[in-house]
Each structure stands twice: as C-alpha cells, then as structure tokens.
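Trainee: Sending over a structure as structure tokens; questions will come in a sec.
Residue numbers (the working numbering), protein chains in the order written: chain A, 1 to 284; chain B, 1001 to 1284.
Here it is in structure tokens:
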C-alpha cells in the first residue's frame, strides 16, 4: 500500500482515502462518491479496529460482510481496497498512540474510555500508509471528525480532512452499520433520535436559545420511547464539544441513546447565519 | 519548509533531518556529517521545545546561541536551517500528542513526567513538516532514540531513524549542551559518569554479569564524588528499558546524575557478541 501511494504521489496524482470498518451502507458510498469528485486514485479501507472498542463493547460481533463490501466498492469504482490484518497494524510490542487531549475525554470519550485514542491512532497510521491528499469522514460521528481534524492540524499532517453530511433513512434514522443490530420493534423505536432532533429544531425555530430548555425537550421526546435509554443528550460548542448554556455560536445537538442493547448516536449542526442576526442554519 | 520538502521529494532527492535544540556542540556536528553522507538536502532544525520541559526544569535558562549555531551549521554545509517559533509549532488550542506508552514512563520518564510526550510530539511534527527519509539522533539520549524508533515503526512513518555514537570530551564526559551549566569544580566532578561506566566495563570484562553487582559498583564510584547526586543508575534491557537481573542480551547501563544543580545523563551499550559465547561488545 505504501509503495502504491508513493508511486501515485510521484505521478502527481491526488490520493483520496475513505477509511471504513466495513458493513458498508449508503453513507459510506456517498463518501466514496465525494472522494471520486476530488481524487484519483480513491482508496477505501476496511479495518475493524480493535483499539477503538472497549472490553465490554461489540468488537467481536461487529458486522463483518467483506465479500459484499468489496463488491460494493468495486461497483462504486474505488481504485483500491486496503484491508490489512490486525496483526499487521498492531504488531507485537505496539505502544505508540495519538491522543487528542480534552476533546477525547468528553461525551463519546466519557462513555467509551480509550475509544478516541484508538480512533486517532489508527487514522494516523492509515494516513501515514496511504498518504492521502484528502480523507473523508461522515458527520454522524461529529466528535470523531473534529478530533481527526484537530490531529491533522496539530501534527502537521499532509492530509485535508473532509467531513460529509449525514445520510438518513426515509424516516430520519441516520445510517449506521450498527442499525443491523436492531430488531423490528427497536428499528421503529430508533427513529426517536431523529424525532428528538426535530423537536429541538422546532424549538430553535420558535426562538428558543437556552440550552437547558432545549435539553429538556430532547429528554421529553427520548423519555417517551420505552425502548430507548439516554446516554447523553447535550448542546455543545462545535469546536470544543463542551456544553454551552445558550445557542449563539456554531454548536451541535449531540445524542447517544441505547435502543435495546444497541447504542446509536446522531447530531444536529447549528450555525448562526450572521454574527449579528438571530437566524440559524440548521443541518440534520 | 513543507513546500521545500515537497519539492525535494518530487525531485527524488533524499532528505535528511538533524533535529536539535541548538547550543550546538561537536555531537550535533557529527550527526550532520553522518547525514551529509546519506542525504541531500540535509536540514537542521533548532527548536527549544517547551513541551518537553517540566515546570521546574531549565526551559527558560536553556542555552540559546542562535547566531553562533547558524554559523556552525553553515560551515558544516547544511542546506537549510528550520527554526520555527513556539507559537507556530503550538498554536492556540493545541491538543494532539503522541505517546509511546510504557517506554516513556521509565527512567527519564519517571524523573521527568511528560518529557517524552513532549519529545515524541515535537519529533512527529518535525517529521511531518520536513518529510525526511532519514532523521539523526545521538545515542547519549538512548531512551529517547528508542522511543522515536518505536513511534516511527508503530505509526508507519516514512522516516528511518538513525542513532549515532556518543561524542565525548578527551576526559570521557559525554558532550551535552547542559555541560555549559557546570562551573570548574563541577566540570571536573562530571567525569564521574564516565568513570562509573568504566568501572562497570571493568567488572564486565572480569566476567561479572549480575545486574545488582554492577549497580553496586556504579553506586560506589558515583557515591565517592561529593558534587554528584545519583538520580538513577541501572542496567536495563535495550528494547524495553526495563531492569534486567543479568547481562545476557543487549542492554544499557544508564546513568542520570545531578552534578551541582545540573542533571547529566550517559550510558554504556552492551551486546553479547554471539548468542552462545560469553564475549560482550561494549560501546561507550
């Protein structure tokens, strides 16, 4: 892979990387579409990264659908698939980690200790191996995207991080490989994340800016769904992921909710249209 | 610097980096000589890295001799000097760090908490900026060299780390920018590190292999010097820097000693000549 990347760089080609854990859905395929607009070659990677799963998480049962994934990638027109073994990526004695401090400890990081250390480390490795000019991530994992952007900036990486919109089912559920865990009842209940975000959007449209008031609405909607158990539901600064008291600068409404045993996340992006006005741009 | 590195890479030139904190001495100049044999261009950097100094350490009084350093580098024939400001290297909100776990916590890391996190992070940044094929470090900082090699391997960096021999004064004192702190009495006393290593070498030559016995000799020599106060004096595995009980595989005798208020380090490298024989190769 390194050799191939070196050749592409020597030929002045623009390398794009779409890193995935496989179990590909339309969200991944839209990342690839976007990469193909900017880059050639486009490299997709599939690697279920053990270092980003906690000891009680779903590493072993995470969906692995390599055959159908590689077919999808071929149809999508990627130029190469990089799918290394864990023993190659983490040889015996592996001990160098990247940590984006602060950002990695909040929200997802608090619920999943060590998660972002695993994410930042594996992304660093893949960026060094594939040497992409652009790497594509989905905004569903908003905190992850921010952490990777921070790493790329702070450590002077040669890769521009591109964050792409969330892709949703017709009923609003954000696409995720983990949606495969849901049974029919849970799948129905899982729309509660989107419904909560919609409720927050409606409050914002009605002029509400107070974070506690918005949070109360989120909890009201989420609490009414009997299959759902809230992990967190917060309004946070889009740069620091620290809680805000008032929506007045770019921020996210971030949700993590267990539906049955499946932990789902989603978010809403909010940005004041102009510093002076009270108009907001809101992105699901 | 990044642009210049990209151009050199595009022209298929072999880039060498000699990272320094300035206050250059013959040790640094030998790194440059070595780099010039392998590489063109050779880039030297001068950056007194605030992140690798503890709050009670000598960051503010670390010798800064930029004018004479850049003259020396010019005379030595380096192709470029990279000397960024701290505010460029650590912009506001900087939070991404590289940590080589385990290795960074022992010996120097235990005496200087956070030191190796600062070292690994700044070296990672400089390697990303300068994109060298080879980077040169002195073996006086044996644990640092090992940590950087481990980082380069684990994070798939494109740089080969080259570790060069210790350069010594005629009386055995290892060259260090911190030797400038020593007054005449202390300068004389500072030879005690080399004398202790010599005593260990003599024991080894006499067939002693037991680490405690070697350590006792080190402490006897170091303890006899009234200006010296031992921080650590150990026999450690050359890969893990964990203490060994017996010299039977590659290892280091590592010393950290305060001479007056100045903390000096030195080491001796020991390698069995053949797995089967009892002969040792010993490098000061």
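Don't be surprised by glycine CBs; every beta carbon is placed ideally from N, CA and C.
Values in this document were obtained by computation on a predicted structure and should not be read as measured data.
Does residue 239 of chain A come within less than 9 angstroms of chain B when only Cβ atoms are used?
Mentor: Taking Cβ atoms only, chain B reaches closer than 9 angstroms to residue 239 of chain A, which makes this a yes.
Trainee: Kindly give me the distance between the Cβ atoms of residue 1111 of chain B and residue 1147 of chain B, rounded to whole angstroms, as I take these residues to be in contact under 8 angstroms.
Mentor: Going by Cβ atoms, the distance from residue 1111 of chain B to residue 1147 of chain B rounds to 15 angstroms, so no, they are not a contact pair.
Trainee: Identify which residue in A:205, A:218 and A:38 has its Cα closest to the Cα of residue 196 of chain A.
Mentor: Taking only the C-alpha atoms, the option nearest residue 196 of chain A is A:218.
Trainee: From what residue to what residue does the beta strand (DSSP E) around residue 45 of chain A run?
Mentor: 42-46 is the extent of the beta strand (DSSP E) around residue 45 of chain A.
Trainee: So the beta strand (DSSP E) residue 1235 of chain B belongs to, where does it begin and stop?
Mentor: Per DSSP, residue 1235 of chain B belongs to the beta strand (DSSP E) from 1228-1237.
Trainee: Identify, in the order they occur along the chain, each residue of the same chain with its Cβ nearer than 8 angstroms to the Cβ of residue 231 of chain A, setting aside the five sequence neighbours on each side.
Mentor: Excluding residues within five positions, the ones whose Cβ falls inside 8 angstroms are 111, 256, 257, 258 and 263.
Trainee: Please confirm whether residue 91 of chain A and residue 1153 of chain B have their CB atoms less than 9 angstroms apart.
Mentor: Yes, Cβ-Cβ distance for residue 91 of chain A and residue 1153 of chain B is below 9 angstroms.
Trainee: Excluding sequence positions up to five away, which residues of its chain have a Cβ less than 6 angstroms from the Cβ of residue 1180 of chain B?
Mentor: Excluding sequence neighbours, residue 1180 of chain B sits near 1063.
Trainee: What number of angstroms, rounded off, separates the C-alpha of residue 253 of chain A from the C-alpha of residue 142 of chain A?
Mentor: Approximately 10 angstroms, taken between the alpha carbons.
Trainee: Determine which residues of the region 1064-1097 of chain B have a Cβ less than 7 angstroms from any Cβ of chain A, and write them out in chain order.
Mentor: Those would be 1094, 1095, 1096 and 1097, in chain order.
Trainee: Evaluate residue 1108 of chain B with the Cβ neighbour count: other Cβ atoms within 10 Å of its Cβ, from every protein chain shown; 16 or more gives buried, anything less gives exposed.
Mentor: Residue 1108 of chain B comes out buried.
Trainee: Is it buried or exposed, residue 93 of chain A, if we count other Cβ atoms within 10 angstroms and call 16 or more buried?
Mentor: When all chains shown are included, residue 93 of chain A counts as exposed.
Trainee: What is the residue span of the alpha helix (DSSP H) that residue 1199 of chain B lies within?
Mentor: Residues 1192-1205.
Trainee: Among B:1024, B:1156 and B:1117, which residue has its Cα nearest to the Cα of residue 1067 of chain B?
Mentor: If we check each option's Cα against that of residue 1067 of chain B, B:1024 comes out closest.
Trainee: Starting from residue 262 of chain A and walking both ways along the beta strand (DSSP E), at which residues does that stretch end?
Mentor: Per DSSP, residue 262 of chain A belongs to the beta strand (DSSP E) from 262-272.
Trainee: Would you say residue 1049 of chain B reaches chain A, if we count a Cβ-Cβ gap shorter than 9 angstroms as a contact?
Mentor: Output row for residue 1049 of chain B: interface = no.
Trainee: Hey, does residue 1141 of chain B have any beta-carbon neighbour from chain A nearer than 9 angstroms?
Mentor: Judged by the 9 angstroms Cβ criterion, residue 1141 of chain B is not in contact with chain A.
Trainee: For chain D, check one thing: does any of its Cβ atoms lie closer than 9 angstroms to the Cβ of residue 156 of chain A?
Mentor: Note that chain D does not occur in the displayed structure, where the protein chains are A and B.
Trainee: Along the region 104-126 of chain A, where does the CB come closer than 7 angstroms to a CB of chain B? Name the residues.
Mentor: If the cut-off is 7 angstroms between Cβ atoms, the region 104-126 of chain A has 124 and 125 near chain B.
Trainee: Are there three or more Cβ pairs, one per stretch, closer than 8 angstroms when the region 1184-1194 of chain B is compared with the region 1203-1214 of chain B?
Mentor: Judged by Cβ distances under 8 angstroms, the region 1184-1194 of chain B makes no contact with the region 1203-1214 of chain B, as fewer than three pairs qualify.
Trainee: So for residue 252 of chain A, helix, strand or coil by DSSP?
Mentor: Strand at residue 252 of chain A.
Trainee: According to DSSP, simplified to helix, strand and coil, what is residue 282 of chain A?
Mentor: If DSSP states are grouped into helix, strand and coil, residue 282 of chain A belongs with the strands.
Trainee: Going along the chain, which residues of its own chain have a beta-carbon closer than 8 angstroms to the beta-carbon of residue 1137 of chain B, five neighbours each way excluded?
Mentor: For residue 1137 of chain B, where only same-chain residues beyond five positions count, the Cβ hits under 8 angstroms are 1019, 1031, 1144, 1145, 1148, 1161, 1162, 1163 and 1164.
Trainee: Quick one: list the residues of chain A neighbouring residue 1144 of chain B, beta-carbon separation under 9 angstroms, in chain order.
Mentor: By Cβ distance, chain A contributes nothing, its closest Cβ being about 14 angstroms from residue 1144 of chain B, past 9 angstroms.
Trainee: Which residues, taken in chain order from the region 1248-1275 of chain B, show a beta carbon closer than 9 angstroms to some beta carbon of chain A?
Mentor: Taking 9 angstroms as the Cβ-Cβ cut-off against chain A, none of the residues of the region 1248-1275 of chain B qualify.
Trainee: Please name the residue or residues paired with residue 107 of chain A in a DSSP beta bridge.
Mentor: Partner(s): none; residue 107 of chain A has no beta bridge.
Trainee: According to DSSP, simplified to helix, strand and coil, what is residue 1217 of chain B?
Mentor: Three-state DSSP puts residue 1217 of chain B in a helix.
Trainee: Is there contact here, the region 111-123 of chain A with the region 34-51 of chain A, by at least three beta-carbon pairs under 8 angstroms?
Mentor: The region 111-123 of chain A is in contact with the region 34-51 of chain A.
Trainee: CA-CA distance, residue 1266 of chain B and residue 1113 of chain B?
Mentor: Their Cα atoms are separated by approximately 19 angstroms.
Trainee: Give the C-beta separation of residue 241 of chain A and residue 139 of chain A to the nearest angstrom, bearing in mind that I take them to be a contact with Cβ-Cβ under 8 angstroms.
Mentor: Actually they do not touch by this definition, with Cβ atoms about 14 angstroms apart.
Trainee: Just to confirm the assignment, what range does the beta strand (DSSP E) spanning residue 16 of chain A have?
Mentor: First-last of the beta strand (DSSP E) with residue 16 of chain A: 16-20.
Trainee: Hey, could you find the ends of the alpha helix (DSSP H) residue 126 of chain A is sitting in?
Mentor: Here the alpha helix (DSSP H) through residue 126 of chain A covers 115-130.
Trainee: Beta carbon of residue 95 of chain A, beta carbon of residue 1150 of chain B: below 9 angstroms?
Mentor: For residue 95 of chain A and residue 1150 of chain B, yes; Cβs fall inside 9 angstroms.
Trainee: Applying the 10 Å Cβ sphere with the 16-neighbour rule, what's the burial state of residue 99 of chain A?
Mentor: Looking at its Cβ environment, which holds 16 or more other Cβ atoms inside 10 Å, residue 99 of chain A is buried.
Trainee: Sort out for me which residues DSSP pairs residue 259 of chain A with in a bridge.
Mentor: Note: residue 259 of chain A sits in a beta bridge opposite A:228 and A:262.
Trainee: Is the beta carbon of residue 40 of chain A closer than 9 angstroms to that of residue 13 of chain A?
Mentor: Yes; because the gap between Cβ atoms is below 9 angstroms, this pair is in contact.
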